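According to full-length UniProt numbering, the residues represented by the sequence shown are 1 to 410, in order.
Even glycine gets a Cβ: it sits at the ideal position worked out from N, Cα and C.
Source: prediction; values computed, not measured.
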Amino acid sequence: MRCLRAIYFIVLVLFNIVETKGLLAHGNSNTSDPIHGPSGNIVDTTDILQMLLNQTTELENLKLQVETFKQQAENDRTTIQLLQNRVFFLETELTKLNASKPPSNQEFSTYLMSMNQLIQNMAANEENDKNVTHHLNGVVTKVAELQHALLNQSTEFEHYKQQSENDRSKVYLIQNFTQIIDNKLNDVRANVSQIRHNQTDEMMDYKQQLDNERSKVHLLQNLTQRLNQRLDDLNLQVRYTSLSLLDLHAATEQLDDSLLHQLEERISHVHDEIIASVSTRIGFTAGVTSSSSTWSSGTLVFPKVITNVGSGYNPSDGVFTAPRAGVYVFFVNVQSYSTQCIYVDIVLNGATKVRTMAYSGGSSDTYEAGPNLAVLSLQTGDRVWVKNYAGQGYYTHGGGPLTTFSGFLI
């Protein structure tokens with residue numbers, strides 16, 4: 001492998017010598033064949049070998065440069081891989097950004113110009129690669145003994161060179177694309193920063209509202225706890241009240257039984273009293289059946305009995321005798337006869353209690369009425385009647401008595 005590398009660098013040295021010093025041909029070497037000069041003379045192989053020997057010292061240095069170049073190529077591959085990963089990431093981010101915000105026409109035009117420029121550069125690099133391959137193939141033709149090895153090394157060199165050019169083109173393209181993505185990302189970062197700032201303000205407001213709601217919830221929890229405690233107290237009171245009501249219900253039932261018994265006894269007693277009262281009621285009403293213009297003394301008898309409960313009134317002599325003790329009400333009405341005057345008294349056991357008068361006092365018939373009543377406390381057997389005090393005569397009507405005497409127990 002080290003020998004192949006040495007041959008590879010020998011070819012490079014020969015290529016430089018042919019182009020710069022014109023040792024292989026007389027004249028302009030970049031317009032003539034690397035083996036044949038303008039006169040067509042063939043360069044001696046001994047001269048080439050001599051030049052190769054002279055370049056031995058430079059080969060050692062070139063070995064170091066080759067190692068450095070390969071290391072740089074490996075580093076470039078690593079860098080390219082990283083950049084490809086970066087491009088993939090940026091393309092992903094750009095896709096997301098394009099989904100939310102489509103690129104402007106100016107950005108799209110700039111991107112197309114950059115792509116066209118990259119394509120032109122790649123075409124130029126490809127043309128240069130072809131020229132280099134042509135020169136290397138000429139050198140390989142001139143150096144026959146080294147043809148096979150030089151062709152292999154030239155192929156490897158072209159592969160590395162093409163790969164390096166491609167990598168550099170890709171790196172340049174990636175750098176430009178990365179710059180565009182970075183610019184867009186900077187814009188996105190600015191927008192995101194603004195959105196975050198706005199969201200921060202909104203989050204502060206939401207946090208304040210949440211704190212207020214939490215305070216309300218805490219108050220409601222405390223109120224609920226107090227209400228639950230109050231409800232427990234009320235439930236306890238309800239249980240106590242229920243027990244008290246049960247006791248009260250039992251006592252009420254006992255009291256109801258007692259009151260019902262007492263009420264029944266009271267009703268029975270009142271019933272008996274009512275029956276006794278009804279059976280002992282006393283009252284009467286009596287009147288005269290005809291008028292008299294001459295009656296002037298003695299007891300006024302009322303022969304027509306209208307009512308006589310208890311049979312206390314005697315229509316024969318006009319006297320009421322109390323069947324039982326009590327308070328009685330007596331009423332008398334005397335109607336004067338024509339123009340005459342009459343005075344009568346209500347008498348208890350011969351003693352006058354009240355007096356009434358029917359006074360006409362005129363020349364024409366007036367028939368005046370003289371009513372009066374008395375409330376008297378009697379004992380059993382007391383007697384009450386109506387007697388003449390002065391005057392004469394009394395009047396009545398056939399349809400119904402006008403001169404009457406009544407009494408009843410209260």
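Q.
Once DSSP output is grouped into helix, strand and coil, what is the label at Asn85?
A. helix
What separation, rounded to the nearest whole angstrom, lies between the Cα atoms of Ser377 and Ser242? 59 Å
- Return the first residue and the last residue of the beta strand (DSSP E) that Asp345 is part of. Following the DSSP letters along the chain, one finds Asp345 inside the beta strand (DSSP E) bounded by residues Ile342 to Leu348.
| said: In the DSSP output, which residue or residues are listed as bridge partners for Lys304? | reply: Gly287
### Message
Assuming Gln379 is part of the beta strand (DSSP E), what are its boundary residues?
### Response
Where Gln379 is concerned, there is no enclosing beta strand (DSSP E), given that its DSSP letter is neither H nor E.
Open item on the list: What would DSSP say about Tyr328, mapped onto helix, strand or coil?
Closed with: strand
Just confirm the distance between the C-beta atoms of Tyr343 and Tyr395, as a whole number of angstroms; I'd bet it's less than 8 Å.
Going by Cβ atoms, the distance from Tyr343 to Tyr395 rounds to 15 Å, so no, they are not a contact pair.
Item checked: First and last residue of the uninterrupted beta strand (DSSP E) at Leu409 -> Thr404 to Leu409
- Item | Beta-bridge partners of Thr356, as assigned by DSSP | Val344
ask   = Which of helix, strand or coil does DSSP assign to Asn30?
value = Any reading at Asn30 must be qualified, since the residue scores a pLDDT of 45, below 50, and its modelled position is unreliable; no value is offered.
Candidates Thr366, Gln237 and Val384: which alpha carbon is nearest Phe408's? Nearest option by C-alpha distance: Val384.
Selection from Asp256, Ser292 and Arg86 that minimises the alpha carbon distance to Ile180: Arg86
>> Considering Cα atoms alone, identify which of Ala369, Thr294, Asp317 and Asn176 is closest to Pro401.
In response: Ala369
Open item on the list: Any contact between the stretch 283 to 290 and the stretch 300 to 313? By contact I mean 3 or more CB pairs, one from each, below 8 Å.
Closed with: Touching, per the Cβ criterion.
Please confirm whether Arg324 and Thr404 have their CB atoms less than 8 Å apart. no
By alpha-carbon positions, which one of Gln65, Ala99, Asn75 and Tyr328 ends up nearest to Val188? Ala99
ask   = If we call anything under 8 Å between Cβ atoms a contact, is Leu83 one with Val171?
value = yes
Checklist entry - What is the DSSP secondary structure of Leu178, counted as helix, strand or coil? => result Checking the displayed sequence, the identity of residue 178 turns out to be Thr instead of Leu. If DSSP states are grouped into helix, strand and coil, Thr178 belongs with the helices.
**Item:** Three-state secondary structure (DSSP) of Ala322
**Value:** Here Ala322 sits in coil by DSSP.
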